[in-house]
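Residues in the sequence shown are numbered consecutively from 4, following the numbering used here.
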Amino acid sequence: MIVHCNFEELSALKVGARQVLDGYAPEPGMIAAPPEEREQVTALMLRLGGDFSVTTLSEQRSLLHAVAIIVGILRIEMESVVVAHHPADEFAVSAYFDFAHAFSVQARLYELGLEMEALVELVTGGPVTEELARDFVFPD
């Protein structure tokens, strides 16, 4: 299965991924992402050169989690910039678009996961197990 991403979406995900990996905290007192989340974001970062292939449900879940981490930090960044400046400020608008583009990818990855789960259930006649999520391969 292929996840199609446009230039703006890839750019927004890269901005958010760099913030996560650099330990960026948009608000005082925030804690950097734990090592396992940083590993997932690092793995995603390596795929952000264009559209990317998702071959298993387990892989989709990992990608979705990494994108959710990025969306979370971009949402906080957007809210912080809007409050610190003005909603129409150039930085606030830029932060909004970074968030919105990453959020759009998150929504597509979520929908892809639902489709993949449905296909696994249809083919196997049963619910998705961890083993099936890991071993059932989807072609591109």
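Cβ atoms here follow ideal geometry from the backbone N, Cα and C, with glycine treated the same way.
Fewer than three beta-carbon pairs drawn from the stretch 99-106 and the stretch 116-124 are found closer than 8 angstroms, and the two stretches are therefore not classed as touching. When only Cα atoms are considered, residue 17 and residue 73 end up about 9 angstroms apart.
In the three-state reduction of the DSSP assignment, residue 6 falls in the strand class. For residue 55, the three-state secondary structure derived from DSSP is strand. For residue 38, the enclosing alpha helix (DSSP H) covers residues 38-48. Residues 54, 55, 57, 111, 112 and 115 of the same chain have their beta carbon placed closer than 7 angstroms to that of residue 6, with the five preceding and five following residues left out of the count. At a Cβ-Cβ threshold of 9 angstroms, residue 22 and residue 80 count as neighbours. Remark: C-beta atoms of residue 48 and residue 24 approach each other more closely than 9 angstroms. With at least 16 other beta carbons inside 10 angstroms of its own, residue 20 counts as buried. A straight line joining the alpha-carbon of residue 91 with that of residue 109 spans about 25 angstroms. In the structure shown, residue 132 falls within a coil segment according to DSSP collapsed to helix, strand and coil. Annotation for residue 140: no alpha helix (DSSP H) segment contains it, and DSSP assigns it neither H nor E. Non-local C-beta neighbours of residue 131 in its own chain, meaning closer than 6 angstroms and more than five positions away in sequence, comprise 120 and 123, ordered along the chain. Here the alpha carbon of residue 83 sits roughly 29 angstroms from the alpha carbon of residue 64.
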